[in-house]
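*Asks:*
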Amino acid sequence: MITLEKKQEQSYQKMGMEIVTNASDSFTATKERFWSQRFTQEKIITYLPFVKPENIIFTALAPYDYSMQIRIIKT
């Protein structure tokens, strides 16, 4: 099974970009100065301790969990 990180790298490579990070990095960066951070729902909840988890809405943007939209409900 292909990892999300590898899918991200392949996407950049299909656009002709050169990957400059490796598998141990928590993000993917290119020589062309594009980058994307890899977050899980758990990481988002941990990074935002001041937001109640039930006020964070995760919406998948692709059927294979490659990307998601995050909305925070203001209370």
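Positions in the sequence shown are counted from 1; adding 421 to them yields my numbering.
C-beta atoms are modelled at their ideal positions from N, C-alpha and C, and glycine is treated no differently.
All of these numbers come straight from a predicted model, not from anything done at the bench.
(1) Just grab the DSSP bridge partners of residue 489 for me.
(2) Tell me the residue span of the alpha helix (DSSP H) that contains residue 467.
(3) Given this structure, state the Cα-to-Cα distance separating residue 443 from residue 449, to the nearest angstrom.
(4) Where does residue 453 land, buried or exposed, given buried means 16+ other C-beta within 10 angstroms?
(5) Which term fits residue 433, buried or exposed, when burial requires 16 or more other beta carbons within 10 angstroms of its beta carbon?
(6) Among all the DSSP beta bridges, which residues are the ones paired with residue 450?
(7) Taking residue 447 as the reference, give the member of 490, 422 and 430 with the closest Cα.
*Replies:* A quick look at the data gives this:
(1) On the sequence shown, residue 489 is found 68 positions in, with the first residue counted as 1. Partner(s): 481.
(2) The residue you call residue 467 lines up with position 46 of the sequence shown. Start and end: 462 to 468.
(3) Reading the sequence shown from its first residue, position 22 is the one you call residue 443. Reading the sequence shown from its first residue, position 28 is the one you call residue 449. About 8 Å.
(4) Taking the first residue of the sequence shown as position 1, residue 453 is located at position 32. Label assigned to residue 453: exposed.
(5) In the sequence shown, residue 433 corresponds to position 12, counting from 1. Counting Cβ neighbours within 10 Å, residue 433 comes out buried, since at least 16 surround it.
(6) Indexing the sequence shown from 1 puts residue 450 at position 29. Residue 450 is bridged to 456.
(7) By 1-based counting over the sequence shown, the position of residue 447 is 26. Of 490, 422 and 430, the residue nearest in Cα terms is 430.
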